[in-house]
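First comes the structure, then the notes that go with it.
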Amino acid sequence: MSGISDTERMITLKTVEGTLFDVKSSIAKDLKTVQAFIDDSDDDVTSPIPLPNVFTRELSRILDYLNNHHRFRSGIEKADEEMARYDAEFAKSMSHEELKALILAANYLNVKDLLEFLNQTVADVIQNKSVEFVRNFFGIENDYTPEEEEKLRNENEWAFNGVEQD
Amino acid sequence: MRRGPIHDDDHHHDAAVARKGRVVTPTGGWPELIRCTTTTPPPSRLPPILLDELIEEILLRIPARSLVRLRDRICSSWRTLISSSQFAKQHLRRSTTVDPTLTHPLIAYFSIGYAYPTIGVFSVPSPVENPPHEPTKVVPYKGRRPRSIIDSCNGLLCLYNVERDDEGLHHGAMLWNPCIGSTSQPVEIGGPFSVSGFGYDHVNDKYKLFGRVYKKSGEYVSRIITFGPNITWRTIEDFSCSMPSPHGTFSLVSSVGIFVNGTGTLNWIFHDCFRYVVVRSLDLVKETYNQFPLPDRDLDDDCFMSPLLCILRGCLAACYENKRTHWTVWLMKEYGVPQSWTKLVVIPHHPLLVNPSAGFPLQPIYIFKNNVLLAKAPNHKFVLLNLNDGSIDFPNIDSSNDGMPKLHPLSKGLTSRTFRLYHESLVSPSHLGLQSCSSEMRLVKPSL
C-alpha cells in the first residue's frame with residue numbers, strides 16, 4: 001500500500017457517458033463492487049475505473065448520498081434528525097423512473113445502506129396503491145385472462161378496502 | 167413487458183455538467199474534480215426495469231396484509247412469488263427479527279358455550295393508533311365454525327373441530343391463516359384433547375400439535391401430531407397433570423401449553439396450593455419433558471396466586487398475584503435459564519380491575535413498544551395498562567359482528583369467550599404439504 005493514508009487517496013470512476021468522478025477512498029469503500037475491484041488489483045489502481053452500467057446522474061446521486069451520510073455519522077450530535085430530513089428530501093426529489101434507475105445503479109455498485117433505503121422507500125410508496133399504479137410503476141403487464149381476473153376479484157373482494165385512489 | 171413513457175433526462179443535475187479541466191462543485195457542495203474527457207453524447211436510456219430479485223427485496227418490506235392484496239392482482243409471477251413457501255419464510259423472519267411493522271398482532275377468539283359457536287377476530291387495540299373511544303370492531307367472518315382455537319404459531323391458527331357422521335364423532339384439527347384466508351382440511355386427532363399445544367419444530371421445519379387425548383377406551387394417551395403431506399402420530403411419554411411437590415401435589419393450571427418460538431417448546435405452569443410453582447415444558451423436537459422454577463419469591467411475597475404463562479416481547483413470561491395487593495410480571499430473558507427471570511413490572515391492584523369475589527388472574531396478552539400492556543383483567547374486560555405512568559384504559563371492542571346473541575357482547579366482559587393472540591404472516595397450509603382451500607373460512611375485512 002502507498003504511504004498516503006486511506007482517507008486522502010482518491011479513486012477515479014468513469015460513467016457510461018465518460019464523465020470522471022474523483023472519489024475519496026473512504027467513500028469508495030461503500031461502493032462494494034468498486035472496492036472489490038480495487039482489492040483484486042495487484043497494483044494501486046491509477047487509471048479510471050470504468051462503470052459500464054452506471055450513468056452520471058445516478059453516480060452523482062449515490063456520491064451525494066454517501067458524502068452526506070458520512071458527514072452525518074461523523075459525530076455531530078443532532079445528526080439523526082438532519083439525516084432523516086435529508087433522506088426524505090432525497091427520496092422526494094426523484095421521479096419513479098429516477099428511483100428505479102438509482103436502485104439498479106446502487107445494486108450494481110453494491111451500496112448496501114442506500115439500497116436498503118431505496119427498497120424501503122419503494123415499498124412504502126406502493127403498498128397501499130391501486131393495482132394499476134403498481135403495474136405502471138414496475139412496467140408490468142397483466143397476464144391474467146379476464147376469467148382468471150374475475151375469479152380472483154371475487155375471492156379477494158375483502159382485500160380492497162382502504163386502498164388509495166391513483 | 168409493457169414499457170412506461172421514456173423519461174426525458176437531457177437535463178442533468180448540476181453535478182454531471184462538467185467542463186473540461188475545471189473544478190465543478192456539484193449539488194451537495196462536495197468539491198470533486200470532475201473532468202469530462204470524450205464528448206460521448208448521452209446514450210439514449212431505456213426506462214429502467216427492475217430485476218426480479220430487486221422486486222423481491224422490495225416486496226419483502228411490505229406488511230403481510232398489503233401483500234395479500236397485491237399477491238393475486240398484479241400478474242401471475244407476483245402471485246407465484248408471494249404465495250411461495252420461501253418468500254413466506256423470509257417475510258416471517260424479517261417480521262420477527264428485523265421489522266415488526268411487517269406484521270400486526272390480532273386477537274382471535276371462540277365461544278366456549280357450545281350453544282353459540284362463533285369465531286371472532288379483531289386488531290389488538292393500540293393505545294396510540296385508535297382515536298380515543300372509537301371502538302375496535304370485530305371483523306365479520308364467513309365460513310366454518312370450529313369448536314375451538316387451540317393456539318397460534320407464525321400466523322397459523324390451529325383449530326379443533328368436531329364432526330358427527332354415521333360412524334360417530336370425529337375429532338379433527340385444522341390450520342387457518344386468517345391473513346391470507348387459507349385453511350387445511352381437518353386432520354383426525356383421535357379424540358378430544360384434555361391438554362394441548364401447537365408449535366413449530368424449527369430443527370425439522372415442521373408444525374406440530376401436541377395433545378393428551380382421551381380415547382374411547384377411557385384411557386389417556388399423549389401424542390404429537392406432525393403436519394405434512396403424510397400426517398404422523400407419535401405416542402410419547404404421558405403428560406401427567408399432577409406431580410408430587412415438596413408439600414403435596416402440583417396441579418396443572420391451564421391446559422394449553424405456551425409455545426416459545428425458537429425453542430421448540432410448549433410450556434405449562436403447575437401450581438401447588440402451598441405456594442410453589444414450577445414450569446413443565448415439552449420439547450417438540452426432542453419429544454422430552456423438562457421443568458424449571460419460576461423466579462424466587464421476594465421476601466414480602468407470601469404466595470403465588472393465579473399464576474399464568476404468556477409470551478411478551480418474544481420471551482416466556484409469567485404473571486401472578488401477590489397478597490391481594492398487586493400482580494408481578496416476569497420475563498425469562500434466556501429461555502430455560504432460571505437465573506434470567508427478570509422482573510418486568512409490578513402492577514398494583516386497582517378497583518376497576520379486581521373482581522372482589524374471585525382470585526382470577528390478570529392475563530397479559532401483548533406489550534407495545536411504548537410499554538403499554540394489553541391484558542385481560544380478572545373481570546374479563548380488556549385493559550390497556552400504561553406501565554410507565556400506571557394509567558389504565560379500557561378499550562372499547564365492538565363485537566356486534568360476531569354472531570353471538572346480543573346478550574353476550576364482548577364489552578360486558580363475561581366469560582363466554584377464549585382469546586388467542588396471533589401475528590399476521592403469509593405461511594400457508596399448502597407450504598406444509600397440506601391441501602389448502604381458500605374459501606372455507608374468510609374474514610370479510612373492512613379496512614383493517
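Top line first, the protein sequences correspond to chains A and B. Start counting the first sequence at 1; every next residue gets the next number (our numbering). Start counting the second sequence at 167; every next residue gets the next number (our numbering). Built from N, CA and C at the ideal position, the CB exists for glycine as well.
- Nearest to His70 of chain A by alpha-carbon distance, out of A:Leu114, A:Val125, A:Val54, A:Asn128, is A:Leu114.
- Across the structure, Lys255 of chain B and Arg389 of chain B are spaced so that their CA atoms are roughly 27 Å apart.
- For the segment 219-231 of chain B, residues whose beta-carbon sits nearer than 9 Å to a beta-carbon of chain A comprise Glu219, Leu220, Ile221, Glu223, Ile224, Leu225, Leu226, Arg227, Ile228, Pro229, Arg231.
- With respect to Leu152 of chain A, Asp559 of chain B sits apart: the two C-beta atoms are not nearer than 7 Å.
- In this structure, Asn142 of chain A keeps its C-beta atom at 7 Å or more from the C-beta atom of Cys603 of chain B.
- Each residue's CA atom was taken as its position, placing Val593 of chain B and Thr262 of chain B some 13 Å apart.
- Between the segment 372-382 of chain B and the segment 351-361 of chain B, the count of Cβ pairs shorter than 8 Å is three or higher; the stretches touch.
- By the criterion of a C-beta distance shorter than 7 Å, Glu606 of chain B is surrounded in its chain by Gly309, Arg310, Thr349, once the five residues flanking it on both sides are discounted.
- Near chain B, meaning a CB-to-CB distance below 7 Å, the residues of the segment 103-131 of chain A are Ile103, Leu104, Asn107, Asn119, Gln120, Val122, Ala123, Gln127, Asn128, Val131.
- For Pro214 of chain B, the closest Cβ of chain A is nearer than 7 Å.
- Of all residues in the segment 133-153 of chain A, only Val134, Arg135, Asn136, Phe137, Phe138, Gly139, Ile140, Glu141, Asn142, Asp143, Tyr144, Glu148, Glu149, Leu152, Arg153 come within less than 9 Å of chain B when Cβ atoms are compared, listed by chain position.
- Val511 of chain B is a Cβ neighbour of Leu553 of chain B, given a cutoff of 7 Å.
- For Pro52 of chain A, no beta strand (DSSP E) segment is defined, and its DSSP state is neither H nor E.
- Boundaries of the beta strand (DSSP E) around Arg389 of chain B: 386-392.
- A Cβ of chain A is located within less than 7 Å of the beta carbon of Ser242 of chain B.
- For Arg441 of chain B, the nearest beta carbon of chain A is not closer than 7 Å to its own beta carbon.
- For Gln457 of chain B, the pairing in a beta bridge is given by DSSP as B:Arg446.
- Phe72 of chain A does not reach chain B, its nearest Cβ partner there being about 12 Å away, counting only Cβ pairs nearer than 7 Å.
- Distances from the alpha-carbon of Arg235 of chain B to those of B:Gly430, B:Arg441, B:Ile346 put B:Ile346 closest.
- Within the segment 24-56 of chain A, the residues whose Cβ lies closer than 8 Å to any Cβ of chain B are, in chain order, Phe55, Thr56.
- Taking the beta carbon of Arg211 of chain B as reference, the chain A residues within 8 Å of it are Phe55, Ala101, listed in sequence order.
- Setting aside the 5 residues that flank it on each side, Lys32 of chain A is surrounded in the same chain by Leu109, Asn110, Val111, Lys112, each with a C-beta closer than 8 Å to its C-beta; the list follows chain order.
- Beta-bridge analysis with DSSP links Trp496 of chain B to B:Ala484, B:Lys509.
- Within the same chain, and ignoring the five residues on either side of His257 of chain B in sequence, the residues whose Cβ sits closer than 8 Å to its Cβ are Leu226, Ala230, Leu233, Leu268, Ser591, Leu592.
- In the three-state scheme derived from DSSP, where H, G and I count as helix and E and B as strand, Glu329 of chain B is classed as strand.
- Residues of chain A with a Cβ closer than 8 Å to the Cβ of Ser261 of chain B do not exist, since the nearest Cβ in that chain sits about 13 Å away.
- With fewer than 16 neighbouring CB atoms inside 10 Å of its own CB, Val610 of chain B falls in the exposed class.
- Secondary structure of Gln256 of chain B (DSSP, three-state): helix.
- Within the segment 528-557 of chain B, contact with chain A at the beta-carbon level (separation under 9 Å) is assigned to no residue.
- Only buried fits Ile533 of chain B, as 16 or more other CB atoms lie within 10 angstroms of its CB.
- For His337 of chain B, the enclosing beta strand (DSSP E) covers residues 334-343.
- In the assembly as shown, Glu300 of chain B is an exposed residue. Its beta-carbon has fewer than 16 other beta-carbons within 10 Å.
- Listed in chain order, the positions of the segment 309-327 of chain B with a beta carbon within less than 7 Å of a beta carbon of chain A would be empty, since no residue qualifies.
- It is roughly 6 Å from the alpha-carbon of Leu519 of chain B to the alpha-carbon of Asn545 of chain B.
- A direct Cα-Cα distance of roughly 52 Å separates Val369 of chain B from Leu20 of chain A.
- Judged by DSSP secondary structure, Thr121 of chain A falls within the alpha helix (DSSP H) whose first and last residues are 112-126.
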